[in-house]
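Chemist:
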Amino acid sequence: MEEKRVYIFAGGQIDPSCLEQIAFTETDMIIGADRGALFLIQHGLSPDIAVGDFDSVSPEELDLITANSKQFISCDAIDKDLTDTELAFDLAIDNKATEVTMLGVLGTRFDHSLANVHIMMRGLQHQITSSIWDANNYITLTGTSCELEERGYTYVSLLPLTTEVTGITLEGFMYPLENATIKMGQSLGVSNRLTHGRGVIRIDSGLLLIIQSKD
Numbered sequence: 223m224e225e226k227r228v229y230i231f232a233g234g235q236i237d238p239s240c241l242e243q244i245a246f247t248e249t250d251m252i253i254g255a256d257r258g259a260l261f262l263i264q265h266g267l268s269p270d271i272a273v274g275d276f277d278s279v280s281p282e283e284l285d286l287i288t289a290n291s292k293q294f295i296s297c298d299a300i301d302k303d304l305t306d307t308e309l310a311f312d313l314a315i316d317n318k319a320t321e322v323t324m325l326g327v328l329g330t331r332f333d334h335s336l337a338n339v340h341i342m343m344r345g346l347q348h349q350i351t352s353s354i355w356d357a358n359n360y361i362t363l364t365g366t367s368c369e370l371e372e373r374g375y376t377y378v379s380l381l382p383l384t385t386e387v388t389g390i391t392l393e394g395f396m397y398p399l400e401n402a403t404i405k406m407g408q409s410l411g412v413s414n415r416l417t418h419g420r421g422v423i424r425i426d427s428g429l430l431l432i433i434q435s436k437d
């Protein structure tokens, strides 16, 4: 399958320096969800798609988004059943994404933040590698195994996103595990560290949330 990366910029806080760390290519797709589209335009990028109810922007800002987006999709704030971020993720699925990176999806609304974490479960259902990235955290989800790089983050925390995750084996970690089980509500996987800048996580069953953090 041909690789296709999609970047979703939502309306939460985004550190502009993140743009300097992304090497966009011509085949990448950039989606602005609600105010995330405005962020992109204000920093010199034209969204391939701007989508949302746009209830968080002024009429003048909405005109700016409409004029500078390659495709504009507006949804009614009352009638829609999905968050703007999930609408954007659906568009990524429709466009055959193999990798989705979401920015601006963590913020002061914990309900939205948690819902956005759960969206990554839909990514796995469609064989999409998805992640959430902000100034302090890099979050991903696995149902099998994965390799981690330090990426400048100090801590690695592992939390079950299912009732339990079994067969957890960690290699290259300060606190290794072998064939361990972590049940929802247990904190065994919190605040681990990589020992040599790289590590491997393997699991037998369940969904494991991987959170790399700086503080």
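Residue 223 is where the sequence shown starts when you use the working numbering, and the numbers rise one by one after that.
All C-beta atoms in this analysis are idealised placements derived from N, C-alpha and C, irrespective of residue type, glycine included.
(1) For S291 and S352, what's the separation of their Cα atoms in angstroms?
(2) List, from N- to C-terminal side, the beta strand (DSSP E) runs of 3 residues or more that fit wholly inside the region 270-347.
(3) Look at the Cβ atom of I230, then the Cβ atom of A310, and state whether they are nearer than 8 angstroms.
(4) Should the region 381-398 be regarded as contacting the region 412-425, the criterion being three or more beta carbon pairs within less than 8 angstroms?
(5) Three-state secondary structure (DSSP) at S268?
(6) Going by C-alpha to C-alpha distance, which of Y360, F332 and D303 sits closest to V322?
(7) Per DSSP, what are the beta-bridge partners of K405 in this structure?
(8) If N338 sits next to V327, beta carbons under 8 angstroms apart, how far is it from one beta carbon to the other, in whole angstroms?
(9) May I ask you to report which of helix, strand or coil DSSP gives T244?
(10) Looking only at DSSP bridge pairs, what is R257 linked to?
(11) Could you please give the first and the last residue of the uninterrupted beta strand (DSSP E) stretch that includes E369?
(12) Buried or exposed: where does Q222 fall if 16 or more other Cβ atoms within 10 Å of its Cβ makes it buried?
(13) Using 8 angstroms for Cβ pairs, my map puts G421 next to F395. What's the rounded Cβ distance?
(14) Could you tell me whether any non-hydrogen atom of the ligand SAM is closer than 7 angstroms to the CB of G394?
(15) Starting from V412, follow its DSSP beta bridges and name the residues at the other end.
Modeler: Let's see:
(1) Against the sequence shown, residue 291 aligns to sequence position 69. Against the sequence shown, residue 352 aligns to sequence position 130. When rounded, the distance between both Cα atoms is 24 angstroms.
(2) 271-274, 294-296 and 321-325
(3) Stepping through the sequence shown from its first residue, residue 230 is reached at position 8. Stepping through the sequence shown from its first residue, residue 310 is reached at position 88. It is a contact, given that the beta carbons lie within the stated cut-off.
(4) yes
(5) The residue given as residue 268 occupies position 46 in the sequence shown. Coil.
(6) Within the sequence shown, the letter at position 100 stands for residue 322. For V322, the nearest C-alpha among the options comes from Y360.
(7) Here residue 405 is taken as the residue at index 183 of the sequence shown, counted from 1. In the DSSP output, where bridge partners are listed per residue, K405 has E386.
(8) As a first step, residue 338 must be located in the sequence shown, where it is residue number 116. As a first step, residue 327 must be located in the sequence shown, where it is residue number 105. Correct: roughly 4 angstroms between the Cβ atoms.
(9) Sequence index remark: in the sequence shown, residue 244 carries index 22 (1-based). Reading off the sequence shown, one finds Ile at residue 244, where the question assumed Thr. In this structure, I244 counts as coil in the three-state DSSP scheme.
(10) For the purposes of this step, residue 257 is identified with residue 35 of the sequence shown, where counting begins at 1. Paired residues: none, contrary to the question.
(11) Looking up residue 369 in the sequence shown gives position 147. Unbroken beta strand (DSSP E) run through E369: S367 to E371.
(12) Lying outside 223 to 437, the shown extent of the chain, residue 222 is not represented and no answer is given.
(13) For the purposes of this step, residue 421 is identified with residue 199 of the sequence shown, where counting begins at 1. For the purposes of this step, residue 395 is identified with residue 173 of the sequence shown, where counting begins at 1. Going by Cβ atoms, the distance from G421 to F395 rounds to 5 angstroms, so yes, they are a contact pair.
(14) Absence of the ligand SAM from the depicted structure is noted, as is the absence of any ligand whatsoever, leaving it without description.
(15) As a position in the sequence shown, residue 412 is number 190, starting the count at 1. DSSP lists no partner for V412.
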